[in-house]
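K.L.:
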Amino acid sequence: MSEYIRVAEEEDEEPMEVPSEEDGTLLLSTLAAQFPGACGLKYRNPDTGTMRGIRLSDGRLYPPDGDWENRIYVAVFPRSHTENKKKGDQSEGEQIPVVTTIKKRTDRQKCSDLIVLGLPWKSTEDDLKKYFSQFGELLMVQVKKDPKTGQSKGFGFIRFGDYESQIKCMSQRHNIDGRWCDVRIPNSREGAQQMMNRKVFVGRCTEDMTAEELRFYFNKFGEVVDVFIPKPFRAFAFVTFADPDVAQGLCGEDHIIKGASVHISSAAPKSYDRQNDRKGSMAQGQPGGYTQAYGQSPWSQGGGRTGHPHVSQAGAMPAGTLPNNLGISSLGLGAFQLSPAMLAAAQAIMSGQGGWGPVGLVSQGGPNPGGGGTLPPPTATGPPDNPAGHNSTQAFGSIGSVQTSAAATGTPSNSFLGWGATQGNEGPSTSPGVGGWGAAPPNKSGAWN
DNA sequence: GTTGAGCGTT
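Sequential numbering of the first sequence, starting at 1, is according to full-length UniProt numbering.
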């Protein structure tokens, strides 16, 4: 079922053939490999003469009506990218409303550690390094081992130097030495923090706005990783971007979508204090309902492994939540324009529908695999990160200089690959970006708003 | 020289 799909950068430019997957979908990573920065696909519908967006979900583009047919598709880029290409003429074509310019680039993401699951027992850190280097510069590689026996536990951690590498890596599965391995965002707070402020609240939505349309619309501003529209209709939505800067940049703006003016504001529930208030009532739940919202690996595991232990498709609203919709009009809408919606939003968050939410009341039907029902304390504000440098056992500056093959191959030696500084470092704290963690961008606590 | 869902000695 794999085929080649013709894609052009602009509608009138020469298309390029890009391969689809066996299931007929087109990986966004495949598209991006030929059209760097592309975040979607569209084509002109001959019946209506208008452009039609292609559904994107979990990094895969789905053929319209199940068939790519023989159309020529046009790659879609985030707006900033488009702006660069069309030198400034902004008053034409598509309905781009009043918007402040977004200069932040989508690749200015912070990377997070990634967990690699399902490793062969024999795989070494050097093996991982060799394999994952194909996606980009690696800052860290770990294989977790039994301290006594030195035997691998079958999983490890990696960290890329740039976010695009991370995205690319996570958008596919990996065969390492004969085993299918998953790369995900770890359940730890590391990744969860990056979820902060990536989600915006879109108020005054109309009922005819579909998630796909919202996704398509907001993709102009940056990669959209999730759109959530509560059901039944409650006139708001959540849009989650890959880049928190994009999300933040949109906050406070009014946009016109399908003729309606929607208002974008922060979706940050900022309810970490409230969590403490209701310590007793929060049963359990990983801090990362997040994990499936963002760090999911759609392909599950290879081999015979079965699905994820924590898949929370919390459908129903838990009892005893907030008073329901629109009875709130009695509260005086004029003064608190966002109140009703925010209340409803809180409701949605609390119920777990949003796929995140700090409290995670309902996690899923099954037992919490995290062992023990205690929710790890959020430690919202604390700066838990070590200062630069001492964090990982084998942070290394730049791949490419692999002269340490002696240490890499033979001696475990605490599995230290020993590349803290490579050639050409003029002392510490020069050249941010190399040299491991010194450059670790404005540490996580900064992302909390 | 076993195992196969998970979540990280520092």
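Quick reminder that beta carbons are idealized off the backbone N, C-alpha and C, glycines included.
If you run the structure through DSSP and keep just helix, strand and coil, what is S57?
P.N.:
Three-state result, S57: strand.
K.L.:
Just verifying my parser: in three-state terms, what is the DSSP assignment at I176?
P.N.:
If DSSP states are grouped into helix, strand and coil, I176 belongs with the strands.
K.L.:
Taking residue 474 as the reference, give the member of M209, E10 and V239 with the closest Cα.
P.N.:
The structure shown does not extend to residue 474, since the chain is modelled only from 1 through 449, so no value can be given for it.
K.L.:
Cα-Cα, which of F216, T210 and C205 is closest to D254?
P.N.:
C205
K.L.:
Starting from the N-terminal side, write out each stretch of the alpha helix (DSSP H) that is 4 residues or longer and does not extend beyond the UniProt domain "RRM" (198 to 269).
P.N.:
211 to 218 and 244 to 250
K.L.:
Should G161 be labelled buried (16 or more other beta-carbon atoms within 10 Å of its own) or exposed?
P.N.:
buried
K.L.:
First and last residue of the alpha helix (DSSP H) that includes I167?
P.N.:
Y163 to M170
K.L.:
Note down the Cα distance separating Q90 from L26, rounded to an integer number of angstroms.
P.N.:
Because Q90 sits at a pLDDT of 39, beneath the cut-off of 50, its placement in the model cannot be relied upon, and the following sentence gives the value as read from the coordinates. One C-alpha to the other measures close to 30 Å.
K.L.:
With distances taken between CB atoms, is the gap from L28 to S171 smaller than 8 Å?
P.N.:
A contact, by the Cβ cut-off of 8 Å.
K.L.:
Is D126 helix, strand or coil by DSSP?
P.N.:
helix
K.L.:
Given a cut-off of 8 Å on the beta-carbon distance, is the pair Y62 and I5 in contact?
P.N.:
Contact: no.
K.L.:
Can you find the residues in the same chain that come closer than 7 Å, C-beta to C-beta, to Q248, ignoring five residues on each side of it along the sequence?
P.N.:
N197
K.L.:
Given that a residue counts as buried once 16 or more other Cβ atoms are within 10 Å of its Cβ, and exposed if not, what is M209?
P.N.:
Of the other Cβ atoms in all chains shown, 16 or more fall within 10 Å of the Cβ of M209; this residue is therefore buried.
K.L.:
Return the CA-CA distance between Q166 and C111, expressed in angstroms with no decimal places.
P.N.:
7 Å
K.L.:
Looking only at its own chain, which residues have a Cβ that is under 7 Å from the Cβ of A38, when we skip the five neighbours before and after it?
P.N.:
L31, A32, A75, V76 and F77
K.L.:
Have a look at F228, G203, Y43 and P230 and flag the residue whose alpha-carbon is nearest the alpha-carbon of H263.
P.N.:
The option with the nearest alpha carbon to H263 is G203.
K.L.:
State the start and end residues of the unbroken alpha helix (DSSP H) segment that holds A32.
P.N.:
L28 to Q34
K.L.:
Between G59 and the rest of its own chain, which residues show a CB-CB distance below 6 Å, the 5 nearest in sequence each way excluded?
P.N.:
L28 and S171, listed in sequence order.
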